[in-house]
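**Student:** For this note's numbering, count along the sequence shown from 1 and bump the result up by 156.
Using N, Cα and C, we set each Cβ at its ideal position, and we do this for glycine too.
Input: one structure, supplied below.
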Amino acid sequence: MVMDENAFNRSARQIAARIAPRVPEDEFASIWQQIRGGEAQAAVMPLVALLRRHSVALTIEELGILAGLLGELDESAQQLEDLPQAPPSGKPEARELARRTHAIVERLAPKLEARWAEIIRGAAGAGEWRFAATEMAAVLASSQIEVSVADRDDLRCLVSDMDASTEDVDQLNVGPVKD
Numbered sequence: 157m158v159m160d161e162n163a164f165n166r167s168a169r170q171i172a173a174r175i176a177p178r179v180p181e182d183e184f185a186s187i188w189q190q191i192r193g194g195e196a197q198a199a200v201m202p203l204v205a206l207l208r209r210h211s212v213a214l215t216i217e218e219l220g221i222l223a224g225l226l227g228e229l230d231e232s233a234q235q236l237e238d239l240p241q242a243p244p245s246g247k248p249e250a251r252e253l254a255r256r257t258h259a260i261v262e263r264l265a266p267k268l269e270a271r272w273a274e275i276i277r278g279a280a281g282a283g284e285w286r287f288a289a290t291e292m293a294a295v296l297a298s299s300q301i302e303v304s305v306a307d308r309d310d311l312r313c314l315v316s317d318m319d320a321s322t323e324d325v326d327q328l329n330v331g332p333v334k335d
């Protein structure tokens, strides 16, 4: 293996977070659990199978990352050849980012102090989606407010799709949330 285990796991987490919004959540959940649990090597082949099963379009960059992971496992990257190619940007359209931002803000804002909820809702309403998403993560993390695994994962995917740091998302207090 040319890539050390930490680098392999990091690459697998990054590609999985980018792909998550494009695959069925119920089929992706066990793969994500493996990756988050440090078993990324065992999760790569099921991830490729899921992508193939749903003909998920990947960018050149995403194909390259997956091909690298497959190469590390001595698997052929030819498995990726029949997948459709996404447009060069590979990023969700602004409308999709807006929809996802508003959804997560509305789900999580009630957990925040009123002034933070107002600031974050105002930012989302003004089209400052990146600010709204990253501030939501920062406030939740710094306040140690408990969130569900699903909310954390949704927020991570959203922030990642906006090319923002997921550092605050990684610091979230995840636990058995009572709704």
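Does L214 come out as helix, strand or coil in the three-state DSSP assignment?
**Tutor:** The answer is strand: DSSP assigns L214 an E or B state.
**Student:** Using three-state DSSP, classify D335 as helix, strand or coil.
**Tutor:** Since pLDDT at D335 reaches only 49, below the 50 mark, its modelled position is unreliable, and the value read off the structure follows with that caveat. In this structure, D335 counts as coil in the three-state DSSP scheme.
**Student:** Would you kindly work out how many angstroms separate the C-alpha atoms of A289 and A270, rounded to a whole number?
**Tutor:** Rounded to whole angstroms, A289 to A270 spans 17 Å at the Cα level.
**Student:** Let me know the beta strand (DSSP E) ranges lying completely inside the stretch 229–300, each 3 residues or longer, listed in chain order.
**Tutor:** The stretch 229–300 contains no whole beta strand (DSSP E) run of 3 or more residues.
**Student:** If you count every other CB in all the chains shown that lies within 10 Å of the CB of I187, and 16 or more means buried, which is it?
**Tutor:** The residue is buried, with at least 16 neighbouring Cβ atoms inside 10 Å.
**Student:** Following the continuous alpha helix (DSSP H) through A205, name the residue where it begins and the one where it ends.
**Tutor:** Segment 196–209, the alpha helix (DSSP H) holding A205.
**Student:** Tell me the DSSP secondary structure of V349 in three-state form.
**Tutor:** The chain is shown from 157 up to 335; residue 349 falls before or after that span and cannot be answered.
**Student:** Using alpha carbons as the reference points, say which of H258, D309, M292 lies closest to A280.
**Tutor:** Out of H258, D309, M292, H258 has the C-alpha closest to the C-alpha of A280.
**Student:** What whole-angstrom Cβ distance do I171 and I221 have, given they're in contact under 8 Å?
**Tutor:** Sure, about 5 Å apart at Cβ, within 8 Å.
**Student:** Terminal residues of the continuous alpha helix (DSSP H) containing L311?
**Tutor:** 305–317 is the span of the alpha helix (DSSP H), which, as asked, contains L311.
**Student:** If you draw a straight line from the alpha carbon of A250 to that of D309, how long is it in whole angstroms?
**Tutor:** The alpha-carbon atoms of A250 and D309 are separated by roughly 20 Å.
**Student:** Cα separation between E195 and A233?
**Tutor:** Approximately 20 Å between the Cα atoms of the pair.
**Student:** Using a Cβ-Cβ cut-off of 7 Å (strictly less than) and excluding sequence neighbours within five positions of E183, which residues of its own chain qualify?
**Tutor:** Answer for E183: L206, listed in chain order.
**Student:** Please classify D336 as buried or exposed, where buried requires at least 16 neighbouring CB atoms within 10 angstroms.
**Tutor:** Residue coverage of the chain in this structure runs from 157 to 335, which leaves residue 336 outside it and unanswerable.
**Student:** Within the same chain, show all residues whose beta-carbon is closer than 7 Å to that of G193, passing over the 5 residues directly before and after it, in chain order.
**Tutor:** Taken in chain order, the list of residues that qualify is empty.
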